[in-house]
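Peer 1: Numbered according to the numbering used here, the sequence shown spans residues 58 to 233.
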Amino acid sequence: DKNDKLQILKNAIKAYPNFPEPGVTFRDIFGVFQNITALRAMKDLIVEHILFLEVDLIVGLDSRGFLFGPMICMELGKPFLPIRKKGKLPGKVVQQKYVLEYGEATFELQSDLITNGTRVLIVDDLLATGGSMSAAVQLLKSVAADVVECLVIIELTSLKGRDKIEVPLHSFLKYD
Ligand code: PRP
Ligand code: ADE
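(1) Gln64 lies in the beta strand (DSSP E); which residues open and close that run?
(2) Per DSSP, which residues does Asp181 bridge with? Please list them.
(3) Rounded to a whole number of angstroms, what is the C-alpha to C-alpha distance between Thr82 and Lys71?
(4) Ordered along the chain, which non-local residues of its own chain (more than five positions away) have a Cβ less than 7 Å from that of Ser168?
(5) Verify the contact flag: Gly80, CB atom, against every heavy atom of the ligand PRP, threshold strictly below 8 Å.
(6) Leaving out five residues before and five after Asp220 in sequence, what residues of the same chain have Cβ atoms less than 8 Å from its Cβ?
(7) Between Asp119 and the ligand ADE, is there a pair consisting of the residue's CB and a ligand heavy atom that are separated by less than 8 Å?
(8) Below 8 Å on the Cβ atoms is my contact criterion, and I expect Ala98 with Leu124 to pass it. Report the Cβ-Cβ distance as a whole number of Å.
(9) Using CA atoms only, rank isn't needed, just tell me which of Tyr73, Lys231, Ile129 and Phe76 is closest to Asp113.
(10) Can you list, in chain order, the residues of its chain whose CB lies under 7 Å from that of Gly88, leaving out five sequence neighbours each side?
(11) What whole-angstrom Cβ distance do Val116 and Val177 have, given they're in contact under 8 Å?
Take a look at the structure:
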């Protein structure tokens, strides 16, 4: 059942203290992709959660969000669009600067693909300070999209990233 799947998922995610810098405990989502049972459990949990969400578009955040977006969009039968760090996307883009748990960056989105009220689900592996996710929500709002939900596998609750997100946010695993 759901709790078994959550436990299998949790067991596949290793924590690395003091990476990539002192004081940060890095939670490595790639462990899930090395364990097919855990990968299936994660996919099932995501699909069960999103099946009845009404969305037009799935947006994934550079780069670990790209692991989930296409997997989910197959299930929903909806397209995928990346938000990338600056300088990677061709054509007309909109930009948003942000800070994250260990650094700062600028996100870009190809704006011409979104129309007024496009219903978007944003996916990423992890919410830390919420800097990345809130920048993504801002970017999508700037092109008049309707962000239905933000979905992450892992939430680091002590960083209070959730407080920065003005739309519903769902996480499967919570750590301090
Ligand atoms: C990580 C992670 C999230 C973000 C979370 O990405 O995948 O996108 O940080 O941190 P925040 O909540 O404090 O913003 P990172 O920018 O390290 O890039 P990567 O996915 O390419 O490793
Ligand atoms: N991105 C930001 N903070 C992180 C953490 N603690 N573990 C993995 N990815 C992260």
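All residues carry an ideal CB built from backbone N, CA and C; glycine is no exception.
Since this is a predicted model, take the numbers as computed values, not measurements.
Peer 2: Considering the structure as presented:
(1) Per DSSP, Gln64 lies in no beta strand (DSSP E); the unbroken alpha helix (DSSP H) holding it starts and ends at Lys59 to Asn68.
(2) Val209
(3) 10 Å
(4) When the five nearest sequence neighbours on each side are left out, the beta carbons in the same chain lying within less than 7 Å of the beta carbon of Ser168 are those of Lys149, Val150, Val151 and Val200, in order along the chain.
(5) no
(6) Gly187
(7) no
(8) For a cut-off of 8 Å, the C-beta gap from Ala98 to Leu124 is around 15 Å, too long to register as a contact.
(9) When each option's Cα is compared against that of Asp113, the closest is Ile129.
(10) Ala69, Ile70 and Lys71
(11) 5 Å
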